[in-house]
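Novice: Before we start, here is the structure in question, set down as structure tokens.
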Amino acid sequence: MSLKIERRQELDLRMFYMTPVLAVVLTVLAGFLLFMFMGYDPFLGIYYFFISPLLSGYGLAELGLKASPLILIAVGLAIGFRANVWNIGAEGQLTMGAVAGGGLALALIDVQGFWVLPLICIAGILGGMAWAAIPAFLKARWDVNEILTSLMLTYVATLFLSTLVFGPWKDPMGFNFPQSEMFSDSAILPIVLEGTRLHLGVIVALLVAVAGWVLMTRTIIGFQVRVVGQAPAAAAFAGFSRKRMIWLSLLTSGGLAGLAGLFEVAGPIGQLIPSISPGYGFTAIIVAFLGRLHPIGIIGAGLIMALSYIGGENAQVEAGMPQAVTGLFQGLLLFFLLASDFLARYRIRFEAPTSRTTARKEASAQ
Amino acid sequence: MNESFVLGLVTIISAATPLLLAALGELVVERSGVLNLGVEGMMLAGAVTGFAVTVTTGSATLGIVCAMAAGMAMAFTFGVLTLSLMANQVATGLALTIFGIGLSSLVGAGFVGIAVDPLPKLNIPGVSTMPVIGPLLFSHDFLIYASVALTAGVAWFLKRSRGGMILRAVGESDESAHSIGYDVIRVRYMAVLFGGLTSGLAGAFLSLSYTPLWIENMTAGRGWIALALVVFATWRPWWVLFGAYLFGGVTILQLRAQAEGWFDVPSQVMSMLPYIATILVLTIISAGPWRARLKAPACLGKPFRPAS
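These protein sequences, in sequence, are chains A and B. Residues -3 to 362 (the working numbering) make up the first sequence, in order. Residues 97 to 404 (the working numbering) make up the second sequence, in order.
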């Protein structure tokens, strides 16, 4: 028997949509081994990490709360990834969205009114867009690598937020803690599920995913994005502008990341603090891939990655496991996904070795 | 020249060395046609392994060897995914970084707050006591000398050796290299492993020499800056050295400015400088009249599978 690998003529779609499931299963198995290796009861570890968060209403609400920013950001990133524009700095755009929207919320702290919330949302979107416009401009104008610029800007954004909350925006009554004043009630997202922290953002995230799906499958823009990514030469021939795609994908993903950042500060946090996200901007990259760059798939993937956050917290509280396990699982999941995608693109066949006579026959036939 | 100025220059060399080591490896990887964005993850793996092994066994040499092995193990994972399983190189590199951050903070959790003795300085007899050039050139730890030697080695290898020629051929035209009988995948595996080795070494330098302790996420974007340096250097080793020292200079200058209060700005604003400098330098190198010499290896980032 010998192993033969051949490229499939077409992507095996059934496999293509099955591999995320396979990757999740492999990650859970790897988690089992990891827990065992670390000296924890593996069954208990799996239970704390992947199951017990799902057993309470509160846990499910937290799942939606953490999935919302991931879905929002990943839908935007997926558009860029399809067009071969690699925005890696969503974390920075999220931060700047929080700074812009949160700054406005602080300026309007004494103002009441239903219009405050929409206004700070717009500010959040614009903040994220502005931050993404920098790599977009550099990429479109001089072809500067957007992976590196968007990532460097993430460090700058985090330091900028820190400058503000340690300095001019620090709450004067806050016992010198690096945090702003609490936002007024008008600037806080309404809760959609009484008794939980689940806020309006979850509905917005779902709507954005649906809108993203319509954009990508039903409009000419979505078509252009896919052509630019898959066949740049054909796209140039058809007159689709690559520069427009760069702007479109970076501004969209930046704006959505900014909105996600604002939702964090105007939602569960309620003020500006130095660290507003446990790496949602980076995790959303995995969510986009796990969801097959498809907005509806991204909803499912967002929920799974949200579980890794909640499971990590849960395992930390219940079993004293280090928080870092979450990041490890997220990396592993992406590894397994990328590895198992091989099955969708290639066919592996086991063949009996050809006997001498048939080999000779084949040779003479040629 | 006063003493503190010389000391400042010495710290610049120290700050530049991890960037130089990591960027040299990535340069070789990219010249073979592979883009590994996981430098940050491999550096963290090296940093935590080097530190943990040194603390546990008491041997820094063993720590450094294990750090290189850890970087190579990470790089090997990247190789299997991108070279054997043809996964997207950008996505896999990101996965490597995310994984490396998680793994290193998990392994390092038990080592926070411990300090080790920094690597010993190798004083070159006779010249290390000379004023100015003594401390500047002849009184460093082993890894700093090694990083300069490695620059020369990589430059020689790429330009003069047969192996370097094959490696460049593979990076410029994988199809032709394959058709004249070179094993493209094998060459790329070796390049990727070399990249892991130097990134691991760069990490070990951080946790054993630069700041001899383990801090979660202690690379702070240096892996990404190393990637930018390769572009800045337009894939030439001696330019990587120049770029690394330039960035070392920016880093130390802003740290000094923070410490001495040279400018009336918050310390965070000064901390932004290395990152902003990276963006500026990338822009200048992409936009300026040098653009004509922007010679990325032609096959950079493209997967290759020999037609069978």
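Every residue, glycine too, gets a C-beta built ideally from N, C-alpha and C.
Could you pull out every residue in the same chain whose Cβ sits closer than 6 Å to the Cβ of A/SER64, ignoring the five residues on either side in sequence?
Specialist: As a working mapping, residue 64 of chain A is identified with position 68 in the first sequence. Closer than 6 Å at Cβ, skipping near neighbours: GLY197, VAL198 and ALA201.
Novice: Is the beta carbon of B/GLY267 closer than 7 Å to that of B/PRO48?
Specialist: This structure cannot speak to residue 48 of chain B, because chain B is shown only from 97 to 404.
Novice: Contact between the segment 33 to 47 of chain A and the segment 249 to 269 of chain A: three or more CB pairs below 8 Å?
Specialist: Counting Cβ pairs under 8 Å, fewer than three are found: no touch.
Novice: Out of A/LEU59, A/ALA227, A/ILE143 and A/ILE306, point me to the one whose CA is closest to B/LEU378's CA.
Specialist: One-based indexing of the second sequence puts residue 378 of chain B at position 282. Nearest option by C-alpha distance: A/ILE143.
Novice: Report the residues of the segment 143 to 166 of chain A with a CB closer than 8 Å to any CB of chain B, ordered along the chain.
Specialist: Flagged, chain order: ILE143, LEU144, THR145, LEU147, MET148, LEU149, TYR151, VAL152, LEU155, PHE156, SER158, THR159, PHE162 and GLY163.
Novice: Any residues in the segment 106 to 138 of chain A with a beta carbon nearer than 7 Å to a beta carbon of chain B? Which ones, in chain order?
Specialist: Going along the segment 106 to 138 of chain A in chain order, one finds LEU134 and TRP138 with a Cβ nearer than 7 Å to chain B.
Novice: Would you call the segment 235 to 249 of chain B and the segment 211 to 220 of chain B in contact, with 3 or more CB pairs under 8 Å?
Specialist: Enough Cβ pairs lie closer than 8 Å, so yes.
Novice: In chain B, which residues lie with their C-beta within 8 Å of the C-beta of A/TRP364?
Specialist: Past the edges of chain A, shown from -3 to 362, lies residue 364 of chain A, and the structure says nothing about it.
Novice: Using 8 Å as the Cβ pair cut-off and three pairs as the minimum, do the segment 331 to 343 of chain B and the segment 160 to 175 of chain B touch?
Specialist: Too few Cβ pairs lie closer than 8 Å, so no.
Novice: In terms of alpha-carbon separation, which member of B/GLY345, B/ALA316, B/ILE348 and B/LEU351 lies closest to B/MET139?
Specialist: Here residue 139 of chain B refers to the residue found at position 43 of the second sequence. Among B/GLY345, B/ALA316, B/ILE348 and B/LEU351, the Cα nearest to that of B/MET139 belongs to B/ALA316.
Novice: Let me check one thing: in DSSP terms, what residues is B/ASP76 bridge-paired to?
Specialist: Residue 76 of chain B cannot be examined here, being either before or after the span of chain B that is shown, 97 to 404.
Novice: Use the C-beta contact count for B/ALA388: other C-beta atoms within 10 angstroms, 16 or more gives buried, fewer gives exposed.
Specialist: Translated into positions along the second sequence, residue 388 of chain B becomes position 292. The predicted position of B/ALA388 is uncertain, since its pLDDT is 46 and thus under 50; a value taken from the coordinates is nonetheless stated next. With fewer than 16 Cβ atoms within 10 Å of its Cβ, B/ALA388 is classed as exposed.
Novice: With a CB to CB cut of under 6 Å and the five nearest residues on each side skipped, what residues in its chain are close to B/HIS274?
Specialist: For the purposes of this step, residue 274 of chain B is taken as residue 178 along the second sequence, with counting starting at 1. Same-chain partners within the cutoff: VAL280 and PRO402.
Novice: How long is the line joining the alpha carbons of A/ARG137 and A/LEU189, rounded to whole angstroms?
Specialist: Along the first sequence, one-based indexing puts residue 137 of chain A at 141. Along the first sequence, one-based indexing puts residue 189 of chain A at 193. In a straight line, the C-alpha of A/ARG137 is about 46 Å away from that of A/LEU189.
Novice: Would you please verify whether the beta carbon of A/PHE331 is less than 7 Å from any beta carbon of chain B?
Specialist: Within the first sequence, the letter at position 335 stands for residue 331 of chain A. Yes, because at least one Cβ of chain B sits closer than 7 Å to the Cβ of A/PHE331.
Novice: Any C-beta of chain A sitting closer than 7 Å to the C-beta of B/ILE197?
Specialist: Sequence index remark: in the second sequence, residue 197 of chain B carries index 101 (1-based). Output row for B/ILE197: interface = yes.
Novice: In chain A, which residues lie less than 7 Å from B/VAL365 when you measure between Cβ atoms?
Specialist: In the second sequence, residue 365 of chain B corresponds to position 269, counting from 1. Here the neighbours are THR159.
Novice: Looking only at its chain, what residues have a beta carbon closer than 6 Å to the beta carbon of A/GLN362, apart from the 5 residues adjacent to it on each side?
Specialist: By 1-based counting over the first sequence, the position of residue 362 of chain A is 366. Per-residue confidence for A/GLN362 stands at a pLDDT of 47, beneath the threshold of 50, marking its modelled position as unreliable; the derived number appears in the next sentence. Excluding sequence neighbours, A/GLN362 sits near nothing in its chain.
Novice: When burial is assigned at 16 or more other CB atoms within 10 Å of the CB, is B/TRP335 buried or exposed?
Specialist: The count along the second sequence starts at 1 and reaches residue 335 of chain B at position 239. Buried is the call here.
Novice: Does chain B have any CB closer than 7 Å to the CB of A/LEU324?
Specialist: For the purposes of this step, residue 324 of chain A is taken as residue 328 along the first sequence, with counting starting at 1. At least one chain B Cβ lies under 7 Å of A/LEU324.
Novice: Measure how close the beta-carbons of A/ILE446 and A/ALA205 come, nearest whole angstrom, since I'm counting them as under 8 Å.
Specialist: In the structure displayed, chain A extends from -3 to 362; residue 446 of chain A sits before or after that span and is not available.
Novice: So is A/VAL261 in contact with chain B if we call contact Cβ pairs under 7 Å?
Specialist: Position 265 of the first sequence, counted from the start, is the residue given in the question as residue 261 of chain A. No - not a single Cβ of chain B is within 7 Å of the one on A/VAL261.
Novice: What are the boundary residues of the alpha helix (DSSP H) that includes B/LYS398?
Specialist: Along the second sequence, one-based indexing puts residue 398 of chain B at 302. B/LYS398 -> no alpha helix (DSSP H), and no H or E assigned at all.
Novice: Quick test of the definition: if touching needs 3 or more C-beta pairs under 8 Å, does the segment 261 to 280 of chain A touch the segment 172 to 180 of chain A?
Specialist: Touching, yes.
Novice: Is there a C-beta anywhere in chain B that falls below 7 Å from the one on A/GLN362?
Specialist: For the purposes of this step, residue 362 of chain A is identified with residue 366 of the first sequence, where counting begins at 1. Note that A/GLN362 scores a pLDDT of 47, beneath 50, so its modelled location is shaky; the value from the coordinates is reported in the next line. For A/GLN362, the answer is no, since every Cβ of chain B falls outside 7 Å of its Cβ.
Novice: What is the DSSP secondary structure of A/TRP165, reduced to helix, strand or coil?
Specialist: Taking the first residue of the first sequence as 1, we reach residue 165 of chain A at position 169. If DSSP states are grouped into helix, strand and coil, A/TRP165 belongs with coil.
Novice: Within 10 angstroms of the Cβ of B/ALA118, are there 16 or more other Cβ atoms? Answer buried if so, exposed if not.
Specialist: Within the second sequence, numbered from 1, the residue matching residue 118 of chain B stands at position 22. B/ALA118 comes out buried.
Novice: Any chance you could list the beta strand (DSSP E) runs of at least 3 consecutive residues sitting entirely within the segment 118 to 197 of chain B, in chain order?
Specialist: The segment 118 to 197 of chain B contains no whole beta strand (DSSP E) run of 3 or more residues.
Novice: From which residue to which residue does the alpha helix (DSSP H) around B/ASN313 run?
Specialist: Your numbering for residue 313 of chain B matches position 217 in the second sequence. Where B/ASN313 is concerned, there is no enclosing alpha helix (DSSP H), given that its DSSP letter is neither H nor E.
Novice: Check the Cβ of B/SER405 against every Cβ in chain A and list those closer than 8 Å, keeping chain order.
Specialist: In the structure displayed, chain B extends from 97 to 404; residue 405 of chain B sits before or after that span and is not available.
Novice: Under 8 Å between beta-carbons, which chain B residues line up against A/ARG341? List them in chain order, please.
Specialist: Counting from 1 along the first sequence, the entry for residue 341 of chain A is found at position 345. Correct list: MET182.
Novice: Chain B partners of A/LEU328, CB-CB under 7 Å?
Specialist: Numbered from 1 along the first sequence, position 332 holds the residue referred to as residue 328 of chain A. Simply PHE195.
Novice: Where does A/TYR43 sit, in a helix, a strand or coil, going by DSSP?
Specialist: The count along the first sequence starts at 1 and reaches residue 43 of chain A at position 47. A/TYR43 falls in the helix class under three-state DSSP.
Novice: So what does DSSP say about A/TYR36, is it helix, strand or coil?
Specialist: Here residue 36 of chain A refers to the residue found at position 40 of the first sequence. Three-state result, A/TYR36: coil.
Novice: What three-state label does DSSP hand A/ARG3 in the structure shown?
Specialist: Residue 3 of chain A sits at position 7 when you count from the first residue of the first sequence. Strand, per DSSP.
Novice: Would you verify that the beta carbon of B/TRP358 is, or is not, closer than 7 Å to some beta carbon of chain A?
Specialist: As a first step, residue 358 of chain B is located in the second sequence; it is residue number 262 there, counting from the start. Not closer than 7 Å to any Cβ of chain A, the Cβ of B/TRP358 fails to qualify, so no.
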